[in-house]
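Visitor:
There are 2 protein chains.
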Amino acid sequence: MSSANSLTVDDLGSAAQRDRRKRILDATYELAREGGFDAVQMRAVADKAEVALGTLYRYFPSKIHLLVSALASEFERAEAAFRDKPIPGDTSSERVIFVLKKTTRGLQGDPHLTEALTRAFMFADASVANEIHSVGMLLSSMLTQAMHPGKTDLTDDDVAIARVIGDVWLSALVAWVTGRSTAAETGAHMENAVRLLLRD
Amino acid sequence: MSSANSLTVDDLGSAAQRDRRKRILDATYELAREGGFDAVQMRAVADKAEVALGTLYRYFPSKIHLLVSALASEFERAEAAFRDKPIPGDTSSERVIFVLKKTTRGLQGDPHLTEALTRAFMFADASVANEIHSVGMLLSSMLTQAMHPGKTDLTDDDVAIARVIGDVWLSALVAWVTGRSTAAETGAHMENAVRLLLRD
DNA sequence: GGACGAAGTGGAACGTGTTCCTATTATGAC
DNA sequence: GTCATAATAGGAACACGTTCCACTTCGTCC
């Protein structure tokens with residue numbers, strides 16, 4: 000696995016380059032949606048995005064970087080969607096469960112895509128730290144906002160709870176994408192965890 | 000990924016076969032300890048175990064099956080070690096933290112081995128369900144025993160809590176083996192989670 | 001002890017992630 | 001406009017997981 004970083008939008012000077020990057024990510028999504036992790040083959044991505052294989056590797060130094068970057072931009076969309084509208088629910092747990100279920104349902108609507116992104120996330124090593132960190136921050140921010148809408152001075156416990164919920168969510172997702180549990184079990188397990196952590 | 004199962008000890012008739020299986024797992028451990036996931040190369044395992052590549056694949060239908068089987072037998076050892084001696088600690092949380100820290104320290108003493116086993120576990124798909132299930136049961140049993148030594152009529156909450164702790168442990172482990180968090184952070188995060196879940 | 005099927009050997013071959021090299025094209029300084 | 005440099009194209013080559021095949025050995029039943 001390479002130690003270089005993926006090229007972000009900000010790294011790219013010209014419009015042509017930003018367009019190449021977008022074509023690559025679009026091709027990745029499409030292949031992932033159709034056939035999951037295994038279908039995202041680097042030659043296929045390059046072909047579909049109409050870039051050379053070497054160029055693909057210049058933009059994303061490995062398949063894992065590529066998929067985790069795709070995951071990160073998916074999360075950016077999700078986080079942005081929650082940021083504006085208030086989250087329904089009277090208690091922390093209701094709001095957190097709302098966010099989890101909504102996000103999870105979104106993912107479960109695209110099982111192959113989710114499988115591809117989750118597998119990549121779990122397989123990522125330290126060289127993907129930047130991309131992983133983005134995802135972690137976004138998830139944590141979504142959860143703490145759901146717990147305490149508008150609150151900025153979060154306690155250590157708030158952050159710890161969000162992190163535990165994030166862990167459970169990830170484990171549940173892995174169990175689901177790898178066919179070890181059903182969507183319903185995933186949901187029930189997450190609700191259980193939230194109930195145990197946020198007793199309000 | 001193949002859909003067949005790994006051959007367990009019970010599946011194997013002759014002593015020569017059990018010996019082959021053991022040689023394969025020993026070779027796997029040795030390579031994993033030296034160089035982690037990437038160093039466990041199927042040709043290298045076959046060479047070191049002195050079996051043909053085809054035989055290796057007969058015993059373990061993929062690299063993932065092989066490594067998750069190795070993980071399962073590691074957990075069997077750990078679980079057996081806890082089963083006999085009483086677990087020190089006056090409260091549930093103390094005992095659970097003891098078990099987690101002890102197990103984690105054991106794993107952290109062999110970073111490459113742990114990396115190999117954890118990566119495999121996280122990458123496993125439904126075809127590895129049997130092996131995964133063994134690991135899950137052993138982990139859950141260790142945790143519930145630590146929470147309530149000797150108790151047999153566990154409540155749903157007991158089981159749910161054990162599962163959440165297991166999830167956190169796994170996420171922490173993944174973060175550690177992929178170099179995203181230090182051993183100390185891993186420990187602190189697990190303690191936090193236990194404290195939030197078991198308030199006694 | 002001979003026959004037969006299962007298990008094992010040795011190794012070629014294939015697919016896909018990754019690397020690398022050369023030729024060509026775009027970009028920017030002057 | 002010209003040139004130097006970087007970026008891209010196109011594709012060969014390599015590594016390792018996996019599959020497959022022809023052959024040999026082992027265990028078992030008669």
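So the protein lines, in turn, are chains W and D.
For the first sequence, numbering that gives the first Met the number 0 gives the first residue as 0, with consecutive numbering after it.
For the second sequence, numbering that gives the first Met the number 0 gives the first residue as 0, with consecutive numbering after it.
For every residue, glycine included, the Cβ atom is placed at its ideal position computed from N, Cα and C.
All of these numbers come straight from a predicted model, not from anything done at the bench.
By Cβ distance below 7 Å, which residues in the same chain neighbour leucine 196/D in space, the five residues on each side in sequence not counted?
Guide: Ile160, Val163 and Ile164
Visitor: Less than 8 Å between the CB atoms is what I'm expecting for glycine 35/D and glutamate 114/D, so what's the real figure, rounded?
Guide: 4 Å
Visitor: If we cut at 7 Å on Cβ distances, does leucine 169/W have a partner in chain D?
Guide: At a cut-off of 7 Å between C-beta atoms, leucine 169/W counts as an interface residue with respect to chain D.
Visitor: Measure the beta-carbon distance from alanine 79/W to threonine 27/W and round it to whole angstroms, keeping in mind my assumption that it falls under 8 Å.
Guide: So it is not a contact: roughly 20 Å between Cβ atoms.
Visitor: According to DSSP, is alanine 183/W part of a helix, a strand, or is it coil?
Guide: helix
Visitor: Give the residues of chain W in contact with leucine 195/D, contact being defined as C-beta atoms less than 8 Å apart.
Guide: Asp156, Ala159, Ile160, Val163 and Leu196
Visitor: Would you mind working out which of Arg20/W, Leu52/W and Leu99/W sits nearest arginine 194/W, comparing C-alpha positions?
Guide: Leu99/W
Visitor: Do you know whose CA, among Arg20/W, Thr154/W and Ser13/W, lies nearest serine 5/W's CA?
Guide: Ranked by Cα distance from serine 5/W, the options Arg20/W, Thr154/W and Ser13/W are led by Arg20/W.
Visitor: Give a yes or no on whether the minimum CB-CB distance between serine 68/D and chain W is below 7 Å.
Guide: no
Visitor: Nearest to aspartate 199/D by alpha carbon, out of His188/D, His147/D, Val176/D and Asp166/D?
Guide: His147/D
Visitor: Any beta carbon from chain W within less than 7 Å of serine 1/D's own beta carbon?
Guide: With a pLDDT of only 40 at serine 1/D, under the threshold of 50, the placement of this residue in the model should not be trusted, and no figure is reported.
Visitor: For the 8 Å Cβ check, are there 3 or more pairs between the segment 74–92 of chain D and the segment 136–146 of chain D?
Guide: Touching, yes.
Visitor: Within 10 Å of its beta-carbon, does glycine 108/D have 16 or more other beta-carbons around it, so buried, or fewer, so exposed?
Guide: In summary, glycine 108/D is exposed, with fewer than 16 beta-carbon neighbours lying within 10 Å of its beta-carbon over all protein chains present.
Visitor: Within 10 angstroms of the Cβ of histidine 188/D, are there 16 or more other Cβ atoms? Answer buried if so, exposed if not.
Guide: buried
Visitor: If you follow the alpha helix (DSSP H) that isoleucine 23/D is in, where does it begin and where does it stop?
Guide: 14–38
Visitor: Check the C-beta distance from valine 45/D over to leucine 55/D and give it rounded, since I have them as a contact under 8 Å.
Guide: In the sequence as displayed, the identity of residue 45/D is alanine instead of valine. Confirmed, about 5 Å.
Visitor: On the criterion of 16 or more Cβ atoms from any shown chain inside 10 Å, does alanine 14/W qualify as buried, or is it exposed?
Guide: When all chains shown are included, alanine 14/W counts as exposed.
Visitor: Take the Cβ of leucine 52/D as the centre, count every other Cβ of all protein chains shown within 10 Å, and call the residue buried at 16 or more, exposed below.
Guide: exposed
Visitor: Taking Cβ to Cβ, would you say alanine 171/D is nearer than 7 Å to threonine 181/D?
Guide: No; because the gap between Cβ atoms is not below 7 Å, this pair is not in contact.
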